[in-house]
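Take a look at the structure set out below.
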Amino acid sequence: YDGHALSPELIASKQTEGIEGISIYADPTTGFLNAYKARYDELPSLGEPQLYDALLLSSLAAVWCIAHKKEVSGLFDNEHVQTALQKLTGSNSSENNTSHWNSSGMKSLISLLESGTESFNTKIIGATGPLLFDKDAWTSVVCTVYMHWILYEGKYIPIDYTSEKGSSR
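According to this note's numbering, the sequence shown is numbered sequentially starting from 230.
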């Protein structure tokens, strides 16, 4: 087979029935999975929660850049966007356990960012969990949730969730 291992065609075939795997996924404690299931009557595919969080961070970085436009000349240059992302994902605050992927969470973050505050000390919780990145390269999420799944009748069925922090998700 020259396609990718879990193509829609292969998943729909009986050849994959019972295959198990592990993939990065959404954190089930954020409520994203329940909201997605309620809206679309199915769980998200692999990768959708990460894409959602990437769009969330991109939008928040744009709001931060606009709120701080008087301080820099290149509003959306690489350096300014990188600074915004570092401010947004560098908080060690453990006070906040509110999800920000939903409309009320986004609204509260946008209001805070639009105020132009420099002391952004809010841990952003997206669909995949806390959006905290390593402080060396700012490219790796510090905590990733993994789903152990099985294919049953052409659908991914979650067996359990875990993270490198060993939580009981």
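Backbone N, C-alpha and C fix where the C-beta goes; we use that ideal spot for every residue, glycine too. These numbers were taken from a predicted model, which means no experiment stands behind them.
Any idea what DSSP makes of PRO257, helix, strand or coil?
DSSP, read as helix, strand or coil, puts PRO257 in helix.
Which of helix, strand or coil DSSP assigns to LEU360:
If DSSP states are grouped into helix, strand and coil, LEU360 belongs with coil.
From what residue to what residue does the alpha helix (DSSP H) around HIS309 run?
That run of the alpha helix (DSSP H) goes 307-318.
Tell me, which residues are paired with TRP378 by DSSP?
For TRP378, which the question treats as bridged, DSSP gives the partners GLY250 and PRO387.
Alpha-carbon to alpha-carbon, HIS377 and HIS309
Roughly 38 Å between the two C-alpha positions.
Give a yes or no on contact between the stretch 243-252 and the stretch 261-271, applying the rule of three or more CB pairs nearer than 8 Å.
Touching, no, given that fewer than three Cβ pairs across the two stretches are closer than 8 Å.
Cut-off 7 Å between Cβ atoms - residues of its own chain near ILE388, not counting five sequence neighbours on either side:
If the five residues before and after ILE388 are omitted, its C-beta is found closer than 7 Å to the C-beta atoms of HIS377, TRP378 and ILE379, all from its own chain and listed in chain order.
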